[in-house]
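> Residue numbers (this note's numbering): 1422 to 1543. Don't be surprised by glycine CBs; every beta carbon is placed ideally from N, CA and C. One structure, pasted below without further comment.
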Amino acid sequence: MIVYNFQRVLKARGIERPFSYLKQAGFSDRFATRIKGNKVLRLNSRELEKICLLLRCTPNDLMEWVPDNNAQVDADHPLNIIRKSDKIIDLTKTLNAIPLGQLDEIEKLIQEKIQTNKTQYS
């Protein structure tokens, strides 16, 4: 089954108060509550685009494929691209554990990756 998983992106973006964040961005109370509780079954194209623009992500980042127990698909099936692991990275916690001397190097790598992506998609 393909489901929405907003928690992964919200956590990756460091958004600790999703309801307030979404309300500030112009979403309704009901919509913000559904997103916060991961209770979204469907989105129209306009809502999907708006949330992707806000969270700087793609629909694939928000969708997750959870195969049924009896589903048999090849390892190279395209749906596996949106099959996520259970692990949600807490980037802030990870960065806080890195020795200060290595943070400059990591920041440089991140900046290079961002620049590469900008050049690729320009």
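1) Can you list, in chain order, the residues of its chain whose CB lies under 8 angstroms from that of V1494, leaving out five sequence neighbours each side?
2) Classify I1535 as buried or exposed, calling it buried when 16 or more other Cβ atoms lie within 10 Å of its own Cβ.
3) Secondary structure at V1424, three-state DSSP: helix, strand or coil?
4) Could you tell me the alpha carbon to alpha carbon distance between R1504 and L1521, rounded to whole angstroms?
5) With three or more C-beta pairs closer than 8 angstroms as the rule, is the stretch 1431-1445 touching the stretch 1461-1471?
6) Below 8 angstroms on the Cβ atoms is my guess for Y1425 versus L1483; work out the distance and round it to an integer in Å.
7) Can you tell me whether R1429 is buried or exposed? The criterion is at least 16 other CB atoms within 10 Å of its CB, across all chains shown.
8) Whole angstroms are fine: how far does the CA of R1455 sit from the CA of S1449?
9) May I ask which residues mark the beginning and end of the beta strand (DSSP E) holding E1485?
10) What's the C-alpha gap between I1527 and N1491?
11) Counting only the same chain and skipping the five closest in sequence on each side, list residues whose C-beta sits under 6 angstroms from that of I1436.
Looking at the coordinates:
1) Excluding sequence positions up to five before and after V1494, its CB lies within less than 8 angstroms of the CB of P1488, L1500 and N1501, all in the same chain and listed in chain order.
2) Exposed, because fewer than 16 other Cβ atoms sit within 10 Å of the Cβ of I1535.
3) For V1424, the secondary structure class from DSSP, reduced to helix, strand or coil, is strand.
4) The straight-line gap from Cα to Cα measures roughly 34 angstroms.
5) With a cut-off of 8 angstroms, the stretch 1431-1445 and the stretch 1461-1471 do not count as touching, because too few Cβ pairs lie within range.
6) Contact between Y1425 and L1483 is confirmed by a C-beta separation of about 5 angstroms, below the 8 angstroms threshold.
7) By the neighbour-count rule (16 or more Cβ atoms within 10 Å), R1429 is buried.
8) The straight-line gap from Cα to Cα measures roughly 10 angstroms.
9) For E1485, the enclosing beta strand (DSSP E) stretches over residues M1484 to W1486.
10) Cα-Cα distance, rounded: 42 angstroms.
11) So the qualifying residues of the chain are Y1442.
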